[in-house]
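Below: the structure, in structure tokens.
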Amino acid sequence: MTSKELRKNFLLFFKKKGHNIVPSSSLIPTDSSVLFTTAGMQQFKRYYLGEKSPYGKNVCSCQKCFRTSDIEEVGDKSHLTFLEMLGNFSFDGYFKEKAINLAFELLDSVFHIPSSKMIVTVFGGDTDVPRDEESVRIWEKLGFSEKKGNLRFAGKEDNFWGPTGLEGPCGPTTEIHIGELELWNLVFNEYYKDQNGKLTPLKQKGVDTGMGLERLAMVVQGKPSVFETDLFLPIIEELNSNLKSQISNLQFKTQNLKKSKRIIADHVKGAVFLISDGVFPSNVERGYVVRRVLRRAIRYGKILELPDKFLIPIAQKVIEIYKDIYPELKSKETDILTIIQNEEEKFNKTLKIGLKELKEQISKLKAQNIKSLSGKIVFNLYQSYGFPLELTKEIAKEEGFTIDEWGFKEEFKKHQEASRVGAERKFRRK
Ligand code: SER
1 MTSKELRKNF LLFFKKKGHN IVPSSSLIPT DSSVLFTTAG MQQFKRYYLG EKSPYGKNVC
61 SCQKCFRTSD IEEVGDKSHL TFLEMLGNFS FDGYFKEKAI NLAFELLDSV FHIPSSKMIV
121 TVFGGDTDVP RDEESVRIWE KLGFSEKKGN LRFAGKEDNF WGPTGLEGPC GPTTEIHIGE
181 LELWNLVFNE YYKDQNGKLT PLKQKGVDTG MGLERLAMVV QGKPSVFETD LFLPIIEELN
241 SNLKSQISNL QFKTQNLKKS KRIIADHVKG AVFLISDGVF PSNVERGYVV RRVLRRAIRY
301 GKILELPDKF LIPIAQKVIE IYKDIYPELK SKETDILTII QNEEEKFNKT LKIGLKELKE
361 QISKLKAQNI KSLSGKIVFN LYQSYGFPLE LTKEIAKEEG FTIDEWGFKE EFKKHQEASR
421 VGAERKFRRK
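Just so you know, we're using the working numbering here: the sequence shown kicks off at 1 and counts up by one.
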């Protein structure tokens, strides 16, 4: 099944089961306590708390999500910054029994994933929340049990979800894994967590499930990673066609080669979607995230010795893959590509000078047997050459160096203070 079919079949299955299909909301959430939309439930948060849903009690969606929390993991087989989350939701409609049965039926009879490959996890209980016996009983009827080894218990770190932002609905989860891969997370919203971390039972119960489309494609298409699925392959192939047959950096092992390509593919995709939702590169908040992923992609491009302007054809591939599902990508194509190209040109210039500077500093320090970059050096790279902190950290790590992050933050504060004083003076002079 292609990813287009997977997306469509997921939504149609839930439609047939009485759910209304709700379009994806923007990557910029309405809840100002979070930077990005990271889960399908975010646009529905208030319906878990009693407000009437205009879409009815049971809905489903395919939601664009962006997760900065997983950025360091990108490059392995399944973590991404941008992903599409397939989900079904119920606000005071059905609960555990129906949610688990629907999930199982879909995987089993529509996507034909053998149940012998599934392992489920259930919340094991702690001092605040009891073990989820109800879910255990439902799974047992479907052939899963602790005894058979296909049902396991886990604690709050793994099997309790939410809230997004500072407060909100949350609850125990049951997850469906395929081998080691977490495929589908079923959240049972039974509690409200307030800003002090206190849990109060919710008056109405809710269901919030999330399954990454990319992971589903990996499983159904039988691929070793999400990057071999049809949601990524054309991007990776485009990258391959740009690669020289031999990379001169011989220290560079095949493993790193694969990882770098994956990071570039993920980050360019993320940037395209963020820009299409109106997030433009800058030095603050969301804008900083687009800048960071683009710069990170460029930097990995340098490691792979890709030509100076390599981002555009990759971004075009991203648009090609998704344009039928997200037509705004096509209508905004010129703007998206221009923004990416400007960012690439700007960064290429500073990167060259900055890298030289950093390498010089590193060899000087090595000669003195020092293996750490001071906050001043790191801040200077940030300030003068636009090096994001994380980029310096990565380059430093490759050289066996650490960086003084605390020192960097101090320098940053000092600089902010100085500019504030400067601005105030200017203001007074007026
Ligand atoms: N909100 C949960 C998650 O993102 C389930 O949708 O995993």
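Ideal Cβ positions, reconstructed from N, Cα and C, are used throughout, including at glycine.
- Rounded to the nearest angstrom, the Cβ distance from Tyr47 to Phe91 is 4 Å, consistent with a contact under 8 Å.
- The three-state reading of DSSP puts Met211 in strand, counting E and B together.
- The Cβ-Cβ distance between Ile263 and Ala297 falls below 8 Å.
- Within a 10 Å sphere around the beta-carbon of Gln195 sit fewer than 16 other beta-carbons, which makes this residue exposed.
- Below 8 Å, too few C-beta pairs join the region 111 to 128 and the region 20 to 34 to call them touching: fewer than three.
- Here the region 213 to 226 does not lie against the region 130 to 147, with fewer than 3 beta-carbon pairs under 8 Å apart.
- In the DSSP annotation of this structure, the continuous segment of the beta strand (DSSP E) that includes Pro172 starts and ends at Gly168 to Ile178.
- Listed in chain order, the alpha helix (DSSP H) runs fully inside the region 80 to 163 are 96 to 105, 133 to 141 and 156 to 159, counting runs of at least 4 residues.
- For Asn242, the CB stays at least 7 Å from every heavy atom of ligand 1.
- Minimum Cα-Cα distance from Asp132 among the listed residues Lys223, Tyr326, Lys148 and Phe153 corresponds to Phe153.
- In the structure shown, Leu389 adopts helical secondary structure according to DSSP, grouped into three states.
- In this structure, Gly87 has its beta carbon less than 7 Å from a heavy atom of ligand 1.
- Secondary structure in the region 43 to 82: the beta strand (DSSP E) runs of 3 residues or longer, each lying completely within the stretch, are 58 to 66 in chain order.
- Residues lining ligand 1 by the Cβ criterion, that is a Cβ closer than 6 Å to any of its heavy atoms, are Ala39, Gly40, Met41, Gly87, Trp161, Asn185, Val187, Asp208, Thr209 and Gly210 in chain order.
- For Lys193, the enclosing beta strand (DSSP E) covers residues Leu181 to Lys193.
- Straight-line spacing of the CA atoms in Glu345 and Lys309 works out to 8 Å.
- In the three-state reduction of the DSSP assignment, Pro327 falls in the coil class, being assigned neither a helical nor a strand state.
- Between Pro163 and Lys117, the beta carbon gap of about 32 Å keeps them out of contact (Cβ cut-off 8 Å).
- In this structure, the CA atom of Lys413 is about 50 Å from the CA atom of Val220.
- Assigned with DSSP and collapsed to three states, Pro224 falls in coil, not helix or strand.
- Just measuring C-alpha positions, the residue of Leu86, Asn242, Val272 and Trp139 sitting nearest Leu183 is Leu86.
- In the structure shown, Pro281 adopts coil according to DSSP, grouped into three states.
- DSSP places Asn348 in the uninterrupted alpha helix (DSSP H) bounded by Glu333 to Ala367.
- Nearest neighbour of Thr37 by Cα position, chosen from Glu394, Phe44 and Lys64, turns out to be Lys64.
- For Thr402, the beta-bridge partners assigned by DSSP are Ser372.
- According to the DSSP assignment, Val318 belongs to the alpha helix (DSSP H) that extends over Leu311 to Tyr322.
- In this structure the region 104 to 117 does not touch the region 257 to 274; the number of beta carbon pairs closer than 8 Å is below three.
- Per DSSP, reduced to three states, the secondary structure at Pro201 is strand.
- A Cβ-Cβ distance of about 32 Å is found for the pair Ile28 and Leu107, leaving them out of contact under the 8 Å criterion.
- DSSP places Asn196 in the coil class of the three-state scheme, outside both helix and strand.
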